[in-house]
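Engineer: In terms of my numbering, the sequence shown opens at residue 308 and continues consecutively. Cβ coordinates follow ideal geometry from the N, Cα and C atoms, glycine included. Before we start, here is the structure in question, set down as structure tokens.
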Amino acid sequence: MKLGSWEEIIGHLMAVKDNGDGTTTLVFMADSRMIEVTVQSDTGNLERLVNHRIGLLRTDDQQRPYIVRMIEVGKDAIRKERKLQKWIR
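Here you go:
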């Protein structure tokens with residue numbers, strides 16, 4: 308699946324793997340499919356988002372092609388969205 312600019316996939320983050328070559332692979336489940344995305348490792352601690360719902364937003368900025376955000380669902384099923392401090396490069 309290829310994302311166009313400003314498209315987003317929302318899913319459940321299953322794992323974060325450090326590839327040892329300066330990149331990190333995010334593994335998440337979205338639309339009953341397992342999706343892997345490889346990004347630069349300079350994004351901070353993404354392990355804290357494992358087992359949470361996330362949104363992976365594709366931008367049109369070549370310096371920051373992805374934004375990861377955690378999606379929380381409150382008691383009243385109102386979605387609260389919080390952007391992370393770091394950008395995925």
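Determine the closest residue to Ala322 out of Leu333, Glu314, Thr345, with distance taken between C-alpha atoms.
Structural biologist: Leu333
Engineer: Can you name the residues that DSSP bridges to Leu364?
Structural biologist: Glu315, Ile374
Engineer: In the DSSP output, what is Met341 paired with across the bridge?
Structural biologist: Met336
Engineer: For Gly311, which residues in the same chain have their Cβ closer than 8 Å to its Cβ, ignoring the five residues on either side in sequence?
Structural biologist: Cβ neighbours of Gly311 beyond the five flanking positions: Arg365.
Engineer: Measuring CB to CB, does Ile361 end up less than 8 Å from Gly329?
Structural biologist: Contact flag unset, no.
Engineer: Measure the Cβ-Cβ separation of Leu353 and Thr331 and say whether it is below 8 Å.
Structural biologist: In contact: Leu353 and Thr331 (Cβ atoms closer than 8 Å).
Engineer: Are Met336 and His359 close, meaning C-beta to C-beta below 8 Å?
Structural biologist: no
Engineer: Smallest Cα separation from Lys324: which of Trp313, Gln369, Val346, Arg340?
Structural biologist: For the set Trp313, Gln369, Val346, Arg340, the Cα lying nearest the Cα of Lys324 is the one of Val346.
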